[in-house]
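Undergrad: Encoded as structure tokens, here's the structure I'll be asking about.
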Amino acid sequence: MAAKIPVTVITGFLGSGKTTLIREQLQNNQGRRIAVLVNEFGEIGIDGDLLRSCRVCDEDGKEITPNIVELTNGCLCCTVQEEFLPTMQELLKIRDRIDCILIETSGLALPKPLIQAFRWQEIRNGATVDGVIAVVDCEAVASGRLVTDIDALNAQRQEDPNLDHETPIEELFEDQLACADLVVLTKTDLVDAEAKAKVQSWLKQELRDGVKVVACDEGKISSEILLGFNAAVEDDLDARPSHHDTEEEHEHDDDINSINIVTDRAFEPTQLLTSLKQVIADQEIYRIKGFVNVPNKPMRMVLQGVGDRLETSYDRLWASGEPRQTRLVFIGQALERSQIEAALSL
Numbered sequence: 005m006a007a008k009i010p011v012t013v014i015t016g017f018l019g020s021g022k023t024t025l026i027r028e029q030l031q032n033n034q035g036r037r038i039a040v041l042v043n044e045f046g047e048i049g050i051d052g053d054l055l056r057s058c059r060v061c062d063e064d065g066k067e068i069t070p071n072i073v074e075l076t077n078g079c080l081c082c083t084v085q086e087e088f089l090p091t092m093q094e095l096l097k098i099r100d101r102i103d104c105i106l107i108e109t110s111g112l113a114l115p116k117p118l119i120q121a122f123r124w125q126e127i128r129n130g131a132t133v134d135g136v137i138a139v140v141d142c143e144a145v146a147s148g149r150l151v152t153d154i155d156a157l158n159a160q161r162q163e164d165p166n167l168d169h170e171t172p173i174e175e176l177f178e179d180q181l182a183c184a185d186l187v188v189l190t191k192t193d194l195v196d197a198e199a200k201a202k203v204q205s206w207l208k209q210e211l212r213d214g215v216k217v218v219a220c221d222e223g224k225i226s227s228e229i230l231l232g233f234n235a236a237v238e239d240d241l242d243a244r245p246s247h248h249d250t251e252e253e254h255e256h257d258d259d260i261n262s263i264n265i266v267t268d269r270a271f272e273p274t275q276l277l278t279s280l281k282q283v284i285a286d287q288e289i290y291r292i293k294g295f296v297n298v299p300n301k302p303m304r305m306v307l308q309g310v311g312d313r314l315e316t317s318y319d320r321l322w323a324s325g326e327p328r329q330t331r332l333v334f335i336g337q338a339l340e341r342s343q344i345e346a347a348l349s350l
């Protein structure tokens, strides 16, 4: 019988740097055959496309299955049985061809309901949760927030009518930290050394004994640090308390929605960012991500936005025969498509 596949669960708020972290692992896999489950909010799989840089192959180098699986039908903690279970069952059929699995949860997901699924017989015999990684935005915490755009998490955080939730964002953050085997502190290059040290010190006070905090920039962290905890987390959940241990289910704010924009139009970066900043000012937009077709540029531009912070980079050349489309996903509260399209002159 093939050995159990080690699974690493990566949690963190919107824009904390989870996708960047996983992409770095794929690009520097040291020969590991890595499968990735991406839990996205929205129909267009931006994070999955960003990660699609390697494949699970047979001994002859022939692709046997795409290594990126996108789950876009709600957050994993709500759709474990509907989406996650059948996906894992398919991966377990080829577990002798996979060395490890990385699961990127959405900013909406609680870690424990997902991990509890690894106690199910259908999964337990073939996979184990090797470790849980909590990704934390250092700049946000140093600024006195837990996330770059606090409204994003306020709106997405589930409400429990039976408890007095004075600080719901803090509770979600505490759940992620309580379940973590390692905390990865991102965006440390955006703060000075003193602020970074204060954040690290504060985090250590919040964590279970033995849980380390590791700082990294642009997702650059050794797989020797990130993988190989052998924690069998599914058997250790009682030692990882959660604010939701007694809850049967939870709900997310129904007003959260996503708008997907796909167009053949090319955009000049400066003008696009100006337009997007106006959209952000006019609507409750928490997250923007996607790819942009830039005129007279052979490379695809990646756009990432959290709150009012917008960042761009170029990740690769447009492939031969690939449609040069601009594809953007807007996540926010009660978003109006017509206003977004008007701002982009579509």
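Going by the working numbering, the sequence shown opens with residue 5, and the numbers climb by one from there.
Ideal Cβ placement from N, Cα and C applies to all residues, glycine included.
#1: Do Val145 and Leu186 come within 8 Å of each other at the CB atom, strictly closer than that value?
#2: Which of helix, strand or coil does DSSP assign to Pro299?
#3: For Leu41, verify whether its CB is less than 7 Å away from any heavy atom of the ligand GDP.
#4: Where does Lys191 fall in DSSP's three states?
#5: Is the Cβ-Cβ distance between Val133 and Ala184 less than 8 Å?
#6: Kindly confirm or deny that the region 261-273 and the region 326-340 touch, where touching means at least three C-beta pairs closer than 8 Å.
#7: Does DSSP put Cys79 in a helix, a strand or coil?
#8: Can you list, in chain order, the residues of its chain whose CB lies under 6 Å from that of Asn261, leaving out five sequence neighbours each side?
#9: Which class does Thr171 belong to by DSSP, given the choice of helix, strand or coil?
#10: Which two residues bound the contiguous alpha helix (DSSP H) that contains Val283?
#11: By alpha-carbon positions, which one of Leu194, Arg244 and Glu238 ends up nearest to Arg212?
#12: Can you give, in chain order, each stretch of the beta strand (DSSP E) that sits fully within the region 189-227 and has at least 3 residues?
#13: Taking the alpha helix (DSSP H) that Pro117 belongs to, which residues open and close that run?
#14: From Leu130 to Val13, what distance separates their C-alpha atoms?
#15: State the Cα-Cα distance for the pair Asp242 and Gln120, rounded to the nearest angstrom.
#16: So, for Gln282: in the same chain, excluding its five sequence neighbours on each side, which residues have a beta-carbon less than 7 Å away from its beta-carbon?
#17: From Ala285 to Arg291, what does the alpha carbon distance come to, in whole angstroms?
#18: What three-state label does DSSP hand Glu340 in the structure shown?
#19: In terms of DSSP beta bridges, what is Lys22 paired with?
#20: In whole angstroms, what is the alpha-carbon distance linking Ser349 and Ser279?
#21: I'd like to confirm the pairing. Which residues does DSSP put opposite Ala131 in its beta bridges?
#22: Beta strand (DSSP E) containing Glu238: first to last residue?
#23: Can you tell me which of Ile289, Gln287, Glu288 and Val306 puts its alpha carbon nearest to the alpha carbon of Pro273?
#24: Would you report the Cα separation of Glu228 and Asn32, rounded to the nearest angstrom?
#25: Quick check on Gln275: buried or exposed, where buried means 16 or more other Cβ atoms within 10 Å of its Cβ?
#26: If you check the beta carbons only, do Gly21 and Val203 fall under 8 Å apart?
#27: If I follow the unbroken beta strand (DSSP E) through Glu108, where does it start and stop?
#28: List the endpoints of the continuous alpha helix (DSSP H) containing Glu315.
#29: Does DSSP classify Arg149 as helix, strand or coil?
#30: Got a sec, what are the start and stop residues for the beta strand (DSSP E) Leu348 sits in?
#31: Look up Asp100 in the DSSP assignment and say whether it is helix, strand or coil.
#32: Quick one, are the C-beta atoms of Glu210 and Leu189 less than 8 Å apart?
TA: Looking at the coordinates:
#1: no
#2: The answer is coil: DSSP assigns Pro299 none of H, G, I, E or B.
#3: Among the ligands in the structure shown, none appear at all, so the ligand GDP cannot be discussed.
#4: Three-state DSSP puts Lys191 in coil, outside helix and strand.
#5: no
#6: yes
#7: Residue confidence for Cys79 is low, a pLDDT of 48 falling below 50, so the modelled location carries little weight and cannot support an answer.
#8: Leu339
#9: The predicted position of Thr171 is uncertain, since its pLDDT is 37 and thus under 50; a value taken from the coordinates is nonetheless stated next. Looking at Thr171 - three-state DSSP - the assignment turns out to be coil, as it is neither helix nor strand.
#10: The continuous alpha helix (DSSP H) containing Val283 extends over residues Pro273 to Asp286.
#11: Arg244
#12: 216-219
#13: Pro115 to Gln120
#14: The displayed chain sequence assigns Gly, not Leu, to residue 130. Their Cα atoms are separated by approximately 16 Å.
#15: Going by the C-alpha atoms only, they are around 11 Å apart.
#16: Ala347
#17: 13 Å
#18: coil
#19: Answer is none; Lys22 lacks a bridge partner.
#20: Their backbone Cα atoms lie some 9 Å apart in a straight line.
#21: Ile9
#22: Looking at the DSSP string, Glu238 is not in any beta strand (DSSP E), and its letter there is neither H nor E.
#23: Val306
#24: 11 Å
#25: exposed
#26: no
#27: Cys104 to Glu108
#28: Here Glu315 belongs to no alpha helix (DSSP H); instead the beta strand (DSSP E) covers Arg313 to Leu321.
#29: coil
#30: Note, Leu348: premise wrong, no beta strand (DSSP E); not H, not E.
#31: DSSP, reduced to helix, strand and coil, places Asp100 within a helical segment of the structure shown.
#32: no
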